[in-house]
Amino acid sequence: MTMALPAYRSLFRAARLAFHGDERVLIAARNSIREGFRANASLEPTNPELPGAIKHAEEVAAILRQNIVQGKKDGEIYKLRIHEDTERGDNDTVKFPGGKTVKIDGKTCADR
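The sequence shown finishes on residue 153 if you use the numbering used here, and the numbering steps up by one all the way, no holes.
So this is what it looks like as structure tokens:
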């Protein structure tokens, strides 16, 4: 339980950050978090599945915090709510496993 509680709290904080201002989505995210943790509440501390479940929760929190950006249409344009935890980069930083870079039409992003 001691490892699960920080992961649980981290998920709630990440959801609050990712879905700030969108009450409907925030409520749905909170309900999903609760359901996920209730489904695993019966896992004993010695169960080998427990570390994997906690790691999954931590990874989901990181994705919510770093990779989810809200957009709101304002006339003909969309305004994005980018916060301090949002991961920033350009297409040159996109990599595949093994260190391979993205190629489009035989060219890398740096070639364009």
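Glycine included, every Cβ here is placed at the ideal spot set by N, Cα and C.
Residue 111 to residue 46 span [Cα, whole Å]
27 angstroms
Between which two residues does the alpha helix (DSSP H) harbouring residue 121 extend?
Looking at the DSSP string, residue 121 is not in any alpha helix (DSSP H); the run it does join, the beta strand (DSSP E), is 118 to 122.
Sequence ranges, beta strand (DSSP E) only - wholly within the segment 77 to 128, length at least 3:
111 to 115, 118 to 122
Whole-angstrom Cβ separation of residue 128 and residue 51, contact assumed at under 8 angstroms?
Their Cβ separation, rounded to whole angstroms, is 17 angstroms, which puts residue 128 and residue 51 out of contact at 8 angstroms.
Kindly indicate which three-state DSSP category residue 53 falls into: helix, strand or coil?
helix
Whose C-beta lies closer than 6 angstroms to the C-beta of residue 120 among residues of the same chain, with five residues either side of it excluded?
113
Classify residue 106 as buried or exposed, calling it buried when 16 or more other Cβ atoms lie within 10 Å of its own Cβ.
buried
Which same chain residues end up closer than 7 angstroms to residue 123 when comparing Cβ atoms and leaving out the 5 residues on each side of it in sequence?
110
Pairwise C-alpha distance: residue 49 and residue 94:
11 angstroms
Compute the distance between the beta-carbons of residue 53 and residue 68, then report whether it is under 9 angstroms.
no
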